[in-house]
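**Q** Residue numbers (the numbering used here), protein chains in the order written: chain A, 631 to 787; chain B, 14 to 140.
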């Protein structure tokens with residue numbers, strides 16, 4: 631191994647996962663007619679392949695599902711506020727990390743990463759956390775920074 | 014995503030019936046009205062807590078309304094009109110023929126995404 635190659639490897643922090651993760655595109659759904667005319671920029675939702683089963687399991691609860699669809703619909707039309715969907719930035723690493731906030735049957739967060747493309751926003755749903763309190767503790771700060779470094783291969787269905 | 018999973022997601026996203034669909038529409042309408050009230054209050058520098066005091070309700074209830082956990086009702090709206098300087102402007106109209114549906118918007122976007130990027134794409138995305 632050449633001297634320069636060794637240097638490059640040394641620069642890569644062991645905690646950083648550089649491999650591409652897979653984001654699966656979620657199908658469109660019928661939303662509110664009151665929001666139809668507000669949907670300008672296309673927002674496409676994906677789910678991290680590794681999170682898909684857990685998310686499906688979470689959404690088996692009708693009360694949580696109802697709120698989830700409500701928030702998703704608001705995001706699609708850019709009508710959300712920070713009470714339902716907000717930035718979870720902890721550092722520059724997590725500048726694109728957001729959370730869907732569901733406050734029914736507990737205090738649920740679905741952590742997401744946003745990817746901006748011309749005319750399109752891609753939002754990948756990555757991780758569910760059932761928060762005990764509203765505080766942003768060390769564990770969560772570490773989680774959002776980790777998620778912020780995820781890179782994706784977008785798989786269209 | 015395999016077709017079985019796609020169907021599973023379609024089932025998850027589908028409304029269980031007409032009642033659920035109407036409930037969803039009601040939640041969205043209430044939220045939109047609540048956001049307008051919130052914006053009006055912010056323009057007048059009135060906090061949610063102060064607003065709750067003005068209309069004789071708890072701050073927790075106001076928070077729940079503003080984040081869409083509770084619906085705005087007529088009594089709530091009446092209190093907004095009676096107890097604050099905010100006024101309602103009501104408009105109910107027929108959907109304009111020129112107004113594109115969601116499917117039409119998505120189709121336009123789909124076509125545009127296959128074309129080379131133009132400067133206005135960046136402007137609309139980053140402004």
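We put the CB at the ideal spot given by N, CA and C, even for glycine.
#1: How would you call residue 654 (chain A), buried or exposed, if buried means at least 16 neighbouring beta carbons within 10 angstroms?
#2: How about residue 688 (chain A) and residue 25 (chain B): do their beta carbons lie closer than 8 Å?
#3: Once DSSP output is grouped into helix, strand and coil, what is the label at residue 731 (chain A)?
#4: Can you give the beta carbon distance from residue 652 (chain A) to residue 786 (chain A), rounded, assuming they're within the 8 Å contact cut?
#5: If contacts are defined as beta-carbon pairs under 8 Å, then residue 701 (chain A) and residue 753 (chain A) qualify, I think. What distance do you get, rounded to the angstrom?
#6: By alpha-carbon positions, which one of A:660, A:760 and A:722 ends up nearest to residue 775 (chain A)?
#7: Where are the alpha helix (DSSP H) runs, 4 residues long or more, that stay fully inside the segment 663 to 708 of chain A, in chain order?
#8: Counting along the chain, where does the alpha helix (DSSP H) carrying residue 141 (chain B) start and finish?
#9: Would you mind reading off the limits of the beta strand (DSSP E) that contains residue 754 (chain A)?
#10: Can you give me the C-alpha to C-alpha distance between residue 54 (chain B) and residue 772 (chain A), rounded to a whole angstrom?
#11: By the DSSP assignment, the alpha helix (DSSP H) with residue 746 (chain A) in it spans what residues?
#12: Just reading off the beta strand (DSSP E) that residue 53 (chain B) is part of, what are its end residues?
#13: So, helix, strand or coil for residue 717 (chain A), using DSSP?
#14: Exposed or buried, residue 743 (chain A), counting other C-beta atoms within 10 Å across all chains shown (16 or more means buried)?
#15: From residue 729 (chain A) to residue 66 (chain B), what does the alpha carbon distance come to, in whole angstroms?
#16: From the beta carbon of residue 785 (chain A), is the nearest beta carbon of chain B less than 8 Å away?
#17: Are any of the Cβ atoms in chain A nearer than 8 Å to that of residue 12 (chain B)?
#18: In the DSSP assignment, the beta strand (DSSP E) including residue 781 (chain A) goes from what residue to what residue?
#19: Under 8 Å, do residue 84 (chain B) and residue 43 (chain B) count as touching if we go by C-beta distance?
#20: Among A:733, A:692, A:650 and A:704, whose alpha-carbon lies nearest the alpha-carbon of residue 675 (chain A)?
#21: Apart from the five residues on each side of it in sequence, which residues of its chain come closer than 6 Å, Cβ to Cβ, to residue 724 (chain A)?
#22: What separation, rounded to the nearest whole angstrom, lies between the Cα atoms of residue 82 (chain B) and residue 89 (chain B)?
#23: Please report how far the alpha carbon of residue 70 (chain B) lies from the alpha carbon of residue 91 (chain B), in whole angstroms.
#24: Could you check the C-alpha separation between residue 76 (chain B) and residue 61 (chain B) for me, to the nearest Å?
#25: When the Cα of residue 766 (chain A) is compared with those of A:716, A:734 and A:750, which residue comes out closest?
#26: Let's see if you can read the secondary structure: which residues bound the alpha helix (DSSP H) around residue 773 (chain A)?
#27: Could you list which residues in chain B have their beta carbon closer than 7 Å to that of residue 713 (chain A), in chain order?
#28: Looking at the secondary structure, which residues open and close the beta strand (DSSP E) in which residue 653 (chain A) lies?
**A** On the basis of the supplied data:
#1: As a first step, residue 654 (chain A) must be located in the first chain, where it is residue number 24. The residue is buried, with at least 16 neighbouring Cβ atoms inside 10 Å.
#2: Working through the first chain from its first residue, we reach residue 688 (chain A) at position 58. Working through the second chain from its first residue, we reach residue 25 (chain B) at position 12. Between residue 688 (chain A) and residue 25 (chain B), the C-beta gap is not smaller than 8 Å, which leaves the two residues out of contact.
#3: One-based indexing of the first chain puts residue 731 (chain A) at position 101. Look at residue 731 (chain A) here: in three-state DSSP terms it is strand.
#4: Residue 652 (chain A) sits at position 22 when you count from the first residue of the first chain. Residue 786 (chain A) sits at position 156 when you count from the first residue of the first chain. Contact between residue 652 (chain A) and residue 786 (chain A) does not hold, since the beta-carbon distance rounds to 12 Å and is not under 8 Å.
#5: Within the first chain, the letter at position 71 stands for residue 701 (chain A). Within the first chain, the letter at position 123 stands for residue 753 (chain A). In fact, because the Cβ distance is near 11 Å, the residues do not count as touching under 8 Å.
#6: Here residue 775 (chain A) corresponds to residue number 145 of the first chain, with the count starting at 1. Nearest option by C-alpha distance: A:722.
#7: For the alpha helix (DSSP H) assignment, the uninterrupted runs of no fewer than 4 residues enclosed by the segment 663 to 708 of chain A are, from N- to C-terminal side, 682 to 688 and 692 to 706.
#8: Nothing about residue 141 (chain B) can be read from this structure; chain B reaches only from 14 to 140.
#9: By one-based count along the first chain, residue 754 (chain A) stands at place 124. Where residue 754 (chain A) is concerned, the enclosing beta strand (DSSP E) stretches over 750 to 761.
#10: The residue labelled residue 54 (chain B) in the question sits at position 41 within the second chain. The residue labelled residue 772 (chain A) in the question sits at position 142 within the first chain. Approximately 36 Å between the Cα atoms of the pair.
#11: By one-based count along the first chain, residue 746 (chain A) stands at place 116. Residue range 737 to 747 is occupied by the beta strand (DSSP E) that includes residue 746 (chain A), with no alpha helix (DSSP H) assigned at that position.
#12: Walking along the second chain from the start, residue 53 (chain B) turns up at place 40. Membership of residue 53 (chain B) in any beta strand (DSSP E) is not indicated; the residue belongs instead to the alpha helix (DSSP H) covering 31 to 56.
#13: As a position in the first chain, residue 717 (chain A) is number 87, starting the count at 1. Looking at residue 717 (chain A) - three-state DSSP - the assignment turns out to be strand.
#14: To locate residue 743 (chain A), count along the first chain from 1; it is residue 113. The residue is buried, with at least 16 neighbouring Cβ atoms inside 10 Å.
#15: For this step, residue 729 (chain A) is matched to residue 99 along the first chain. For this step, residue 66 (chain B) is matched to residue 53 along the second chain. For residue 729 (chain A) and residue 66 (chain B), the distance between alpha carbons rounds to 31 Å.
#16: As a position in the first chain, residue 785 (chain A) is number 155, starting the count at 1. So yes, residue 785 (chain A) belongs to the interface.
#17: Nothing about residue 12 (chain B) can be reported from this structure: the residues present for chain B run from 14 to 140 only.
#18: Working through the first chain from its first residue, we reach residue 781 (chain A) at position 151. Here the beta strand (DSSP E) through residue 781 (chain A) covers 781 to 785.
#19: The count along the second chain starts at 1 and reaches residue 84 (chain B) at position 71. The count along the second chain starts at 1 and reaches residue 43 (chain B) at position 30. Yes, these two residues count as a Cβ contact at 8 Å.
#20: Along the first chain, read from residue 1 onward, the residue named residue 675 (chain A) stands at position 45. Checking every option, the nearest Cα to that of residue 675 (chain A) belongs to A:704.
#21: By one-based count along the first chain, residue 724 (chain A) stands at place 94. For residue 724 (chain A), where only same-chain residues beyond five positions count, the Cβ hits under 6 Å are 774, 775 and 778.
#22: Here the question's residue 82 (chain B) lines up with position 69 in the second chain. Here the question's residue 89 (chain B) lines up with position 76 in the second chain. Straight through space, the alpha carbons of residue 89 (chain B) and residue 82 (chain B) are spaced by roughly 15 Å.
#23: Your numbering for residue 70 (chain B) matches position 57 in the second chain. Your numbering for residue 91 (chain B) matches position 78 in the second chain. C-alpha separation (whole angstroms): 13 Å.
#24: By one-based count along the second chain, residue 76 (chain B) stands at place 63. By one-based count along the second chain, residue 61 (chain B) stands at place 48. A straight-line Cα-Cα distance of about 7 Å links residue 76 (chain B) and residue 61 (chain B).
#25: Position 136 of the first chain, counted from the first residue, corresponds to residue 766 (chain A). Closest option to residue 766 (chain A), Cα to Cα, is A:716.
#26: As a first step, residue 773 (chain A) is located in the first chain; it is residue number 143 there, counting from the start. Run containing residue 773 (chain A): 768 to 778, per the alpha helix (DSSP H) assignment.
#27: Within the first chain, the letter at position 83 stands for residue 713 (chain A). Near residue 713 (chain A) (Cβ distances below 7 Å), the residues of chain B are 79 and 80.
#28: Position 23 of the first chain, counting from 1, holds the residue named residue 653 (chain A). From DSSP, the beta strand (DSSP E) with residue 653 (chain A) extends over 650 to 655.
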